[in-house]
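Trainee: Chains as they are written, first to last, in the working numbering: chain A, 3 to 248; chain B, 3 to 248; chain C, 299 to 366; chain D, 299 to 366; chain E, 709 to 887; chain F, 709 to 887; chain G, 126 to 481; chain H, 126 to 481.
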Ligand SMILES: Cc1ncc(C[n+]2csc(CCOP(=O)(O)OP(=O)(O)O)c2C)c(N)n1
Ligand SMILES: Cc1ncc(C[n+]2csc(CCOP(=O)(O)OP(=O)(O)O)c2C)c(N)n1
Ligand code: SF4
Ligand code: SF4
Ligand code: SF4
Ligand code: SF4
Ligand code: SF4
Ligand code: SF4
Ligand SMILES: [Mg+2]
Ligand SMILES: [Mg+2]
């Protein structure tokens, strides 16, 4: 038998997910899992699950986990961390969850500098509920509640999480990444590692926004979705590290 | 009889307020009232009242008004404006209201670019409920829920409304002012005028943060409170115009 | 000549007008209203330059100024 | 020599691995699993350079790679 | 006249769509119709089924406990609905994907390898239409022209060009039931 | 033994504080005590009053409908509580601020110009203590030493230096009741 | 004209035809087609659609628009209605009219996305603070849902109160032929909104309109509550709606509403076929509840079967109505598992036997 | 040791002495002393105090801490509890223990900041979605408030459920002597939290603990609901608390709780003085409600007076208990206007006369 040079992370249970083909939620869980494994903290990790397409992740996380109400993951994570200060808390949130209904909890937890790591799957849409407009939906992008495309005069402008959170004093790491090719996947993993290392070191709050896809509600193939991230989303949501403090 | 060179604005009813001596809430209402009068829009003005010490302002505003739930004034104003697009909407909100419980509504209304004017009375404390810590409370400042002074490791850091809102695309005017001397009062009034003019011109959202006082819960005289704004608050919350677009 | 009137129903004796009067002529009356609030007044109307600082700063819109 | 295994329970035929394989050797099998999902495979294992791109990009963690 | 049928498959197979089209066809023929979909979280995969009732009288409950006919697109649905079909009823099932074998002798079974047939037609996506055609052919609940009209209404503007293909699929299905 | 008294004034006058001090004094004397404050939005101005009950038995309701004694610091409270005092009871009222005149002849009235008296003592803030002293002097509900101890407990560390002045105010009040 | 429509869309269209001019809402399954439909249709009709940032925001937007005298509504499912409870009690206390549609899914908490009726307490007993009620319609068919949401707007404005419409997810998601009344005019008995609503500025006489629910003086708040109570009494008196079928001489009366009532019709049919006389009382308003009507309708019955997609929630009101005068049995299925007409029939048989 | 304490502070201290390790809350009158006290005292005791950004956040923080098996609580008043309803139904559905203190003020909506009992429906009939209940204690004195909040933690952990404690603002704001039990140990019958709570990672056998309330399969959700219902039945069986006084041979029985019950004691005294025998049933748990006990206690009574600082909320449960067997009269004052023992007595006299 040969040497395993790439194996499925033990962070994931041995079962298929309900995610649509090509959806990046799964990829994000996987990268986080690999990072937690590499950091050797799986045995004290907790996944804090938000409501969005990733809500059923309680079936995938192979560590203790808690499924939150829509938008409230940062508050719940605050409670978890208050009770278990040595646990490593991985929040996974969508844009409806993090930037609309849960915006207060997001900003407030960041403002308090909770020692948690937030992974923000920004796919510009409400996946779970069938493709409604999100705060992040691009101008002109069609969604089921803006069937003619988002019109800034009626629906406002795309909201930028990293830029907003970077105005706060407490956060240690605020970054935006993408996954459309191998260099970006590697970069994302590096940043995730830093984000969780911050938590292990009790430095405080880290926020990693990942430009994500929703092939189903974008009505695009997985490949075309990745291209869309590169060509359209990135323009509005520039990649980069907005804050990185020690 | 001589010429009246300063009269009480007609925006205020002829009755005393419940505000403590020296509290700037009253001063802010007065300045807004003068501006609305000067702009000639009193007859279509609506005061949208938040919950905080200014909650009983329904007794003071001499125009139609609506008292909102705590934190929800921006949402209610959105509804008012949806129904009455030609009305001039004056929101008056405290820091507990605007930056804690109502942060989501604040940012979301700003993100949508609602055509409203928000006056933010930032007094670094929960006045109404008896002096609890606010998101804006200064580091080291004592409050009834941080009796030893705000400790950033326990309670997080002061949150900066203007800086955060200025990251959004829609807002037209975002500014922070103070009231501790005549030049600053005049400057505040000028900015308020611009903020309401924007609304009259249907340009969109304007946000004016006013560094305010709470002599009672700060346990300072009105005069010392003004000094505190100048010497302590301004350092953390620099005055200025963060955004001014046409 | 300016007449600076302080409405005793509104004035709460906060003293801010006293602070900001460039002529230092606003002062406490020593009287209190029925809510126990101190009351301010313009103690030397003849020195008033009508700059309106007192009125502008009054949080309770208690002050009116008339030019005579 | 690298053995690229695609787990048919996990693979959903999204095709992302096919896109990112620098050797262009990932391909659809033409088979479908019982949820109607297409399945991918490494069509020319002998050309594989073990770069792991396919595995890294797979959203469903369906790919494992063994070096022999 | 009262027709009760369940269409079931996994998300993405289009079981709900054909249910809707049938209901529309019914309404076009001035029947009363109800369509009641059930589905889970999954946009793809996961059971999605619908109850469709057509009747010339007022329809009471829109819920079908025991369908006269079940039109089944995948394995999981087969297991779920086979026991529920009314005695004397019928079951159409997609043998392209279903390996289970019939276990009852009090209902009629129709094998419809609809995915393979659809591939023959050159478009995977019409597999569901073949099944709908089979059901309509069997039940005569509505005329095939009404089904086509229902489909047109459902698809809306801009998709008219797919109609001929779909019609072909419907007929292909009807042919199976006629066998 | 059962003593029921209401202290009332506008916010900022310290009616609630003296009520608490009395309750503490009671507890120091091993009595049962309840203190029930009522106030509105205003930090300053607006009615603020409290019911205080001292008893050597278990206290039922902490709410006083008809107080034996009302200690009144402002005009509005005078109007509110004068009609409620029990027949044969007493009312202490702050004639420094209250211009209303007594209207009943079935209760005893005590005029206490406490703001003026406090000014004499050199500190406006002890006006309320004068009234408390008056009540204690009248009712003998507790010993003055207990009141002092209660006040100490209430004020906490760092404010001991104000005790002598407050004691003086209490005695001054008691003297009025003794008249 | 009859049209096959999806429940949620039909209800949305009916609301628009009843003059709904503002819709504010946040997506949640199983009612997403309401905001989706509104997003183009209401705008097309000159109204305002806003996707709110949350249900908390939705209800407060509705508050603002309702305060301006405009017909405004929101829709959600139980979780979202839970978040609106503070907003709903606020509307009650400020007397601002608005319509709330709850398309019920399984609970508690996140539960399931399938049909349920377990938000009965939530709708009829509030969850907000204080003495208030939410008059609530509980239609059974799509047609009735359309008719009643139109009526709901009238009721809201007639009494200046928030009004609920609750349907299980089946009604929201199913398709059925409906004939939506178009361009429905407000009930002429509704008082002119200009008597109370905000418009900006002041009236000619200098008066201003205040919309507020906060009181500094307890006595004023108490008096207001007593006024409010009178209003609720008036609603109890005038607005009860109930559909009573075949109760005279019935052996068993089923009490049910919504889709469960439609299933119960099937059970009644089974009864007819098998010689058991089954009647039905179907509350169309769940608050105010038809207590008297129910009691009266059950006079002949040997027993009463309370059937719901919930555990003993409707039952409370049935008990309050019957006051121990009849044996009551219950039948329920939950969280998307649909009640069975056959099982319901068995329950009737058992009840009839036991009650003799 | 007895100590004169302010209600809110005493309750907070009692919670700490019962092992409360995490408090999350948002200021609201009339309960501000709870977070204020916790902010220094809980930290001093090694616990965690966080001032949440809102009540919505509070309840979800409590959820996180409770899921970790820690004794956590929040407090608020009716408006804030309204905002927590989604969180509370979520705790019920995820079976996470926690304690909720509601210091009731006048409603509806913003209402007043003075004492009220009009959150009875809010606490006993939820407002969240789905079939769940919030077991709720309703203490009458400060001492009982301290004792019952301590018990509330045990109940929460015994049944893995959120538990409420509701007091009117009088209790929260008044001072009274209390003897707070110190360092109270958990009821030994409470199952080990490690059987279910999250800790991080997995157990030795590879299993993970999931805290969740969402179901994709209706049948699983239904089965869960049936399990939950059994739990509620068990609570109904074991946890009812009621204080019954002088009901034997009483002419009139007053049903009241909280401060109203204390006032009713005064009324009973008036009865004794004037020869009218008045008894009292004082529910200490309002959910589960002492239906049987109440019915039994009223056996001799000519009539029952339901007294509350609310309009006919407690009354519902009184009616459900009595099932029409006794004439019921009501007495209420609202929104901070305190009930009068004299008026209550008059109501008793009237009732006794009318009921003959
Ligand atoms: C209180 C509440 N409101 C609404 C919902 C319905 N809901 C579930 S997921 C979701 C949004 C999902 O979008 P997002 O957070 O962007 O996640 P995605 O599915 O795109 O990954 C909504 C609105 C809910 N579960 N709870
Ligand atoms: C839902 C809800 N939570 C809490 C409160 C209590 N509350 C009233 S005002 C206030 C905060 C006031 O602070 P701020 O907004 O800063 O206004 P200020 O009084 O300082 O002017 C709070 C928490 C409430 N009314 N409603
Ligand atoms: S709907 Fe979109 S976000 Fe949800 S699983 Fe499918 S692709 Fe992913
Ligand atoms: S408490 Fe503070 S904010 Fe409130 S009125 Fe008094 S000074 Fe102003
Ligand atoms: S500023 Fe106004 S309120 Fe203050 S003392 Fe002067 S007149 Fe009185
Ligand atoms: S107008 Fe100017 S000078 Fe005159 S009293 Fe006022 S501040 Fe002083
Ligand atoms: S990336 Fe993974 S899921 Fe997608 S086709 Fe390749 S192996 Fe299958
Ligand atoms: S390891 Fe690299 S070369 Fe080999 S199949 Fe995967 S992507 Fe292609
Ligand atoms: Mg999304
Ligand atoms: Mg403030």
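Glycine included, C-beta positions come from ideal geometry on N, C-alpha and C.
Just so you know, these numbers come straight off a predicted model, no measurement behind them.
Who are the near neighbours of residue 56/B in its chain, counting only those whose CB is closer than 6 Å to its CB and skipping five residues on each side?
Mentor: Position 54 of the second chain, counted from the first residue, corresponds to residue 56/B. Excluding positions up to five away in sequence, the list reads 27, 94.
Trainee: What number of angstroms, rounded off, separates the C-alpha of residue 329/H from the C-alpha of residue 796/E?
Mentor: Within the eighth chain, the letter at position 204 stands for residue 329/H. Within the fifth chain, the letter at position 88 stands for residue 796/E. Cα-Cα distance, rounded: 54 Å.
Trainee: I want to check one thing, is the minimum distance from the CB of residue 352/D to the heavy atoms of ligand 7 below 8 Å?
Mentor: Along the fourth chain, read from residue 1 onward, the residue named residue 352/D stands at position 54. It does: the Cβ of residue 352/D is within 8 Å (strictly closer) of some heavy atom of ligand 7.
Trainee: How far does the beta strand (DSSP E) with residue 300/D in it reach, from first residue to last?
Mentor: The sequence position of residue 300/D within the fourth chain is 2, counting from 1. Note, residue 300/D: beta strand (DSSP E), 300-304.
Trainee: Would you mind telling me which residues of chain F sit closer than 9 Å to residue 306/H, beta carbon to beta carbon, in chain order?
Mentor: As a position in the eighth chain, residue 306/H is number 181, starting the count at 1. Going along chain F, no residue has its Cβ under 9 Å from residue 306/H, so there is no contact; the nearest lies around 19 Å.
Trainee: With a CB to CB cut of under 7 Å and the five nearest residues on each side skipped, what residues in its chain are close to residue 78/B?
Mentor: Locating residue 78/B in the second chain gives position 76, counting from the first residue. Contacts found: 50, 68, 70.
Trainee: How long is the line joining the alpha carbons of residue 801/F and residue 725/F, rounded to whole angstroms?
Mentor: Against the sixth chain, residue 801/F aligns to sequence position 93. Against the sixth chain, residue 725/F aligns to sequence position 17. Spanning the two alpha carbons is a distance of roughly 17 Å.
Trainee: If you count every other CB in all the chains shown that lies within 10 Å of the CB of residue 776/E, and 16 or more means buried, which is it?
Mentor: Position 68 of the fifth chain holds residue 776/E. That one is buried.
Trainee: Can you tell me where the alpha helix (DSSP H) with residue 212/H in it begins and where it stops?
Mentor: Residue mapping note: residue 212/H aligns to position 87 of the eighth chain, counting from 1. Residues 203-219.
Trainee: Using a strict less-than 7 Å threshold between each residue's beta carbon and the heavy atoms of ligand 7, what residues do you get?
Mentor: Chain-ordered list of matching residues: 23/A, 24/A, 304/D, 308/D, 309/D, 310/D, 311/D, 312/D, 313/D, 314/D, 315/D, 316/D, 324/D, 337/D, 338/D, 352/D, 355/D, 356/D, 357/D, 358/D, 360/D, 361/D.
Trainee: Taking residue 23/B as the query, report the chain F residues whose CB atoms sit under 8 Å from its CB, ordered along the chain.
Mentor: To locate residue 23/B, count along the second chain from 1; it is residue 21. What residue 23/B touches in chain F: 752.
Trainee: Excluding the 5 residues preceding and the 5 following residue 445/G in the sequence, name in chain order all residues of the same chain whose CB lies nearer than 8 Å to its CB.
Mentor: Working through the seventh chain from its first residue, we reach residue 445/G at position 320. The residues are 414, 416.
Trainee: What is the rounded straight-line gap between the Cα of residue 44/B and the Cα of residue 314/C?
Mentor: In the second chain, the residue the question calls residue 44/B occupies position 42. In the third chain, the residue the question calls residue 314/C occupies position 16. Roughly 28 Å separates the two Cα atoms.
Trainee: Between residue 749/F and chain B, is any beta-carbon pair separated by less than 9 Å?
Mentor: The residue given as residue 749/F occupies position 41 in the sixth chain. So, interface residue.
Trainee: When you compare each of 728/F, 843/F, 720/F to residue 863/F by their alpha carbons, which one comes out closest?
Mentor: For the purposes of this step, residue 863/F is taken as residue 155 along the sixth chain, with counting starting at 1. Answer by Cα proximity: 728/F.
Trainee: Any contact of the segment 179-198 of chain H with the segment 131-149 of chain H, i.e. 3+ C-beta pairs under 8 Å?
Mentor: Judged by Cβ distances under 8 Å, the segment 179-198 of chain H makes contact with the segment 131-149 of chain H, as three or more pairs qualify.
Trainee: Can you check whether the CB of residue 139/G is closer than 9 Å to the CB of residue 306/G?
Mentor: The residue you call residue 306/G lines up with position 181 of the seventh chain. The residue you call residue 139/G lines up with position 14 of the seventh chain. Cβ atoms of residue 306/G and residue 139/G: closer than 9 Å.
Trainee: How would you call residue 178/B, buried or exposed, if buried means at least 16 neighbouring beta carbons within 10 angstroms?
Mentor: As a working note, residue 178/B is residue 176 in the second chain. That one is buried.
Trainee: Taking only heavy atoms of ligand 5 into account, decide whether any of them is closer than 8 Å to the Cβ of residue 173/A.
Mentor: Along the first chain, one-based indexing puts residue 173/A at 171. Answer for residue 173/A: no, Cβ out of range of ligand 5.
Trainee: Grouping DSSP H, G and I as helix and E and B as strand, with all else coil, what is residue 195/H?
Mentor: Taking the first residue of the eighth chain as position 1, residue 195/H is located at position 70. In this structure, residue 195/H counts as coil in the three-state DSSP scheme.
Trainee: May I have the straight-line CA-CA distance separating residue 465/H from residue 396/H, to the nearest angstrom?
Mentor: For the purposes of this step, residue 465/H is taken as the residue at position 340 of the eighth chain. For the purposes of this step, residue 396/H is taken as the residue at position 271 of the eighth chain. Going from the Cα of residue 465/H to the Cα of residue 396/H covers about 14 Å.
Trainee: Rounded C-beta distance between residue 877/F and residue 841/F? I'm assuming under 8 Å.
Mentor: Within the sixth chain, the letter at position 169 stands for residue 877/F. Within the sixth chain, the letter at position 133 stands for residue 841/F. Indeed, because the Cβ distance is near 6 Å, the residues count as touching under 8 Å.
Trainee: First and last residue of the beta strand (DSSP E) that includes residue 740/F?
Mentor: Position 32 of the sixth chain, counted from the start, is the residue given in the question as residue 740/F. 740-747 is the span of the beta strand (DSSP E), which, as asked, contains residue 740/F.
Trainee: DSSP three-state call for residue 180/A: helix, strand or coil?
Mentor: By one-based count along the first chain, residue 180/A stands at place 178. In the structure shown, residue 180/A sits in coil (DSSP, three-state: anything other than H, G, I, E or B).
Trainee: Where do the ends of the alpha helix (DSSP H) carrying residue 443/G lie?
Mentor: Residue numbering aside, residue 443/G sits at position 318 when the seventh chain is read from its first letter. Its alpha helix (DSSP H) spans residues 439-447.
Trainee: Output needed for residue 746/F: all residues of its chain with C-beta closer than 6 Å, excluding positions within five of it in sequence on either side, in chain order.
Mentor: On the sixth chain, residue 746/F is found 38 positions in, with the first residue counted as 1. Same-chain partners within the cutoff: 757.
Trainee: So the candidates are 341/H, 270/H, 179/H; which of them puts its Cα closest to the Cα of residue 154/G?
Mentor: Residue 154/G sits at position 29 when you count from the first residue of the seventh chain. Measuring from the Cα of residue 154/G, the nearest candidate turns out to be 341/H.
Trainee: Measure how close the beta-carbons of residue 24/B and residue 357/C come, nearest whole angstrom, since I'm counting them as under 8 Å.
Mentor: The count along the second chain starts at 1 and reaches residue 24/B at position 22. The count along the third chain starts at 1 and reaches residue 357/C at position 59. About 6 Å; that satisfies the 8 Å criterion.
Trainee: Just to confirm the assignment, what range does the alpha helix (DSSP H) spanning residue 213/A have?
Mentor: Translated into the one-based positions of the first chain, residue 213/A becomes position 211. No alpha helix (DSSP H) holds residue 213/A; the beta strand (DSSP E) holding it covers 208-213.
Trainee: For residue 345/D, count the other beta carbons within 10 Å of its own beta carbon; 16 or more makes it buried, fewer makes it exposed. Which is it?
Mentor: Looking up residue 345/D in the fourth chain gives position 47. Residue 345/D should be labelled exposed.
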